[in-house]
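Written out below as structure tokens is the structure these notes cover.
2 protein chains.
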Amino acid sequence: MAAHHHHHEPKGKALTHAAQTTLEKAGEQWTSMRASVFEALAGFDKPASAYDIAEAVSKAEDRRVAANSVYRILDLFVSANLARRVESSNAYVANAHPDCLHDCIFLVCDKCGQTTHIDDDRITGTVRHAAEAAGFSPVRPVIEVRGTCADCEE
Amino acid sequence: MAAHHHHHEPKGKALTHAAQTTLEKAGEQWTSMRASVFEALAGFDKPASAYDIAEAVSKAEDRRVAANSVYRILDLFVSANLARRVESSNAYVANAHPDCLHDCIFLVCDKCGQTTHIDDDRITGTVRHAAEAAGFSPVRPVIEVRGTCADCEE
DNA sequence: CATCAAATGTTATGTTGTAACATCGGGCCG
DNA sequence: CGGCCCGATGTTACAACATAACATTTGATG
Numbered sequence: 638m639a640a641h642h643h644h645h646e647p648k649g650k651a652l653t654h655a656a657q658t659t660l661e662k663a664g665e666q667w668t669s670m671r672a673s674v675f676e677a678l679a680g681f682d683k684p685a686s687a688y689d690i691a692e693a694v695s696k697a698e699d700r701r702v703a704a705n706s707v708y709r710i711l712d713l714f715v716s717a718n719l720a721r722r723v724e725s726s727n728a729y730v731a732n733a734h735p736d737c738l739h740d741c742i743f744l745v746c747d748k749c750g751q752t753t754h755i756d757d758d759r760i761t762g763t764v765r766h767a768a769e770a771a772g773f774s775p776v777r778p779v780i781e782v783r784g785t786c787a788d789c790e791e
Numbered sequence: 638m639a640a641h642h643h644h645h646e647p648k649g650k651a652l653t654h655a656a657q658t659t660l661e662k663a664g665e666q667w668t669s670m671r672a673s674v675f676e677a678l679a680g681f682d683k684p685a686s687a688y689d690i691a692e693a694v695s696k697a698e699d700r701r702v703a704a705n706s707v708y709r710i711l712d713l714f715v716s717a718n719l720a721r722r723v724e725s726s727n728a729y730v731a732n733a734h735p736d737c738l739h740d741c742i743f744l745v746c747d748k749c750g751q752t753t754h755i756d757d758d759r760i761t762g763t764v765r766h767a768a769e770a771a772g773f774s775p776v777r778p779v780i781e782v783r784g785t786c787a788d789c790e791e
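Encoded structure:
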């Protein structure tokens, strides 16, 4: 895979539609509950915890939704590449390109929580390679950088 | 800093002594409670949670030690480089080289939990650099690889 | 319609992490 | 000595994150 390629970021309906397509291609159903969870997840501008999402869905649908159910769906989303988990924040983000498999690098601002991500297959490749050289396989790199984002430094 | 250098792993008393020296050099006290927590931490052969350590210390001293107190000491250890936190496992490991500052790469086996670490300043350097190029600073890379270790594959 | 499986709901509980305040003990100064 | 301060630890309570077990609903299918 090339080290770089361009993306334009799908938003709103386009993003949801891409998610639905990918999930269905994986042989899973796009239920209304899953749609709600995805909407809620995509509606956050920074990583959201399962409880954040449960609360958002609860509000949006005016009924109680247990974190439990949200976790199930988030796990499914992560396994289908519709969402990713940010390990160092115990939180989830929608994946703008569910059809496109990357190891990704998250940059997490400790001040404001804003999280951006970088795709750099050269970096992730060297990490993968190092782990494989140590006898690991299969391998799932978790690469996150905690720090302060440009907006929060003065 | 060189990309590679050799370490022999201090164990037992030598490791504890290195920890004590480093902590005192940082202007902190090496109390008996801190020594106990360090001993417990170093006694695990894989990353241990704060609760694991609280239990180990409780047993060793035959008195109840609250997780709370352990967290405080672990936080201190991490900030003084005596220990490291494995983010994707919510657990801590003793640092064999507290006097030696590295970003490190953890390889965590999903099957057995064994966790090894690699120091590779070339890899961590590229990650740091990428984050800085994105406007982040200061920067603390979290690089962990989940997978299956050589012993657990058949 | 009957049945079955997948999805979701519900309740309970386990694990991880923090907050707030009390107590202890050692150094320091009058 | 006695009083004071401060860092470390103890104690209690609670918040946040995550999973287990089982009940119920829903929708596809024979």
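Same order as they appear, the protein sequences are chains A and B. For the first sequence, my numbering assigns the number 638 to the initial residue and increments by one for each residue that follows. For the second sequence, my numbering assigns the number 638 to the initial residue and increments by one for each residue that follows. A virtual CB, placed ideally from N, CA and C, is assigned to each residue, including glycine.
Given a cut-off of 7 angstroms on the beta-carbon distance, is the pair residue i and residue j in contact?
i: K683/A; j: G750/A; result: yes
i: L711/A; j: A687/A; result: yes
i: N732/B; j: L744/B; result: no
i: V707/B; j: I690/B; result: yes
i: A717/B; j: L660/B; result: yes
i: A656/B; j: P735/B; result: yes
i: A610/B; j: A677/B; result: The structure shown does not extend to residue 610/B, since chain B spans only 638 to 791, so no value can be given for it.
i: G772/A; j: A787/B; result: yes
i: E724/A; j: E665/B; result: no
Looking at the structure shown, is residue i part of a helix, part of a strand, or coil, going by DSSP?
i: V702/A; result: coil
i: T753/A; result: strand
i: C789/A; result: helix
i: H743/A; result: In the sequence as presented, His is not what sits at residue 743/A; that position holds Phe. If DSSP states are grouped into helix, strand and coil, F743/A belongs with the strands.
i: A720/A; result: strand
i: A731/A; result: strand
i: Q657/B; result: helix
i: D736/A; result: coil
Suppose the cutoff is 6 angstroms on Cβ atoms and the five residues either side in sequence are ignored; what does the same chain contact list for residue i look like?
i: H641/A; result: With a pLDDT of 48 at H641/A, under the threshold of 50, the modelled position of that residue is not reliable, and no figure is offered here.
i: F681/A; result: none
i: A768/B; result: V776
Sorted by chain position, which residues of the same chain lie with C-beta nearer than 8 angstroms to residue i's C-beta, five sequence neighbours on each side aside?
i: C741/B; result: R721, H754, I755, D756, T761 and I780
Buried or exposed: which applies to residue i, given that a residue is buried once 16 or more other Cβ atoms fall within 10 Å of its Cβ?
i: M638/B; result: Note that M638/B scores a pLDDT of 42, beneath 50, so its modelled location is shaky; the value from the coordinates is reported in the next line. It is exposed - the Cβ of M638/B has fewer than 16 other Cβ atoms within 10 Å.
i: L738/A; result: exposed
i: R700/A; result: exposed
i: H775/A; result: The displayed chain sequence assigns Pro, not His, to residue 775/A. That one is exposed.
i: A685/B; result: buried
i: S726/B; result: buried
Only counting the same chain, and skipping five residues up and downstream in sequence, which positions put a Cβ closer than 7 angstroms to that of residue i?
i: V789/A; result: As written in the sequence, residue 789/A is Cys, which differs from the Val given in the question. For C789/A, where only same-chain residues beyond five positions count, the Cβ hits under 7 angstroms are C746, K748 and C749.
Per the DSSP calculation, residue i is bridged to which residue(s)?
i: G784/B; result: V776/A and C746/B
i: A685/A; result: Y729/A
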